Amino acid sequence: MEKWFNVGKIVNTHGIKGEVRVISKTDFADERYKKGNSLFLFIQGEAEPVELIVKTHRNHKNFDLLSFEGYDDINQIEKFKDGLLKVPESQLRKLDEDEYYFHEIIDCTVITDEGEEIGKVKEILTPGANDVWVVKGKGKEQLIPYIEDVVKEIDVNAKRIIISPLEGLLS
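Here's what the structure looks like:
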């Protein structure tokens, strides 16, 4: 049985020509949403996913705007709202060393190089220059930048990440 990975959520339509507004959940949006790529739409209550072929992709504010082949009208895509866009595991490409998919990092335990457990990675933010990991532990959430100076070791098989926190990073 194929494993599916969430790459985005359709939150609204955009305009009247069949574009949808997507909150991206993928590590490689430009690659994942490239023209001609297949995405699978999972709609609550529907038994089977709908295969969609990307026709266009562009960024607008904090959203990815997508249109799909064969869907040129707002009335055709209205029902896609709140649907999840997924790809099968077979579409995931092999990554270079020191590259990771979000699903590999989520739920990893973060430990300082002095052995203090900070918590587990619950979310990954992509604000710009580098990703930021939201780590939830006993106290409040910690924001850990995914940069060489901080992240020292990642073992996705053991679900463990070793960090060397910069001064003032952990509150």
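Take UniProt numbering: the last position of the sequence shown gets the number 171, and nothing is skipped along the way. Cβ coordinates follow ideal geometry from the N, Cα and C atoms, glycine included. None of these values were measured; they are calculated from a predicted model.
- Residue burial is scored here from C-beta neighbours: residue 44 has fewer than 16 other C-beta atoms within 10 angstroms and is therefore classed as exposed.
- In the three-state reduction of the DSSP assignment, residue 171 falls in the coil class.
- Secondary structure of residue 32 (DSSP, three-state): helix.
- A contact is defined here as three or more CB-CB pairs under 8 Å, and the region 51-69 meets this definition with respect to the region 28-36.
- Beta-bridge pairing by DSSP links residue 93 to no other residue.
- In this chain, residue 142 is not harboured by any alpha helix (DSSP H); it is covered by the beta strand (DSSP E) spanning 142-145.
- Here the C-alpha atom of residue 21 lies approximately 18 Å from the C-alpha atom of residue 127.
- Out of 99, 140, 104, 129, the CA that lies nearest to the CA of residue 119 is found in 140.
- Going by beta carbons, residue 53 and residue 18 fall outside the 8 Å limit.
- Scanning its chain for C-beta atoms nearer than 7 Å, with the 5 sequence neighbours on each side dropped, one finds around residue 159 the residues 107, 108, 109, in chain order.
- Note: residue 118 is not bridge-paired with any residue in the DSSP secondary-structure output.
- Distance check between residue 5 and each of 78, 132, 11, 103 places 103 closest, using alpha-carbon atoms only.
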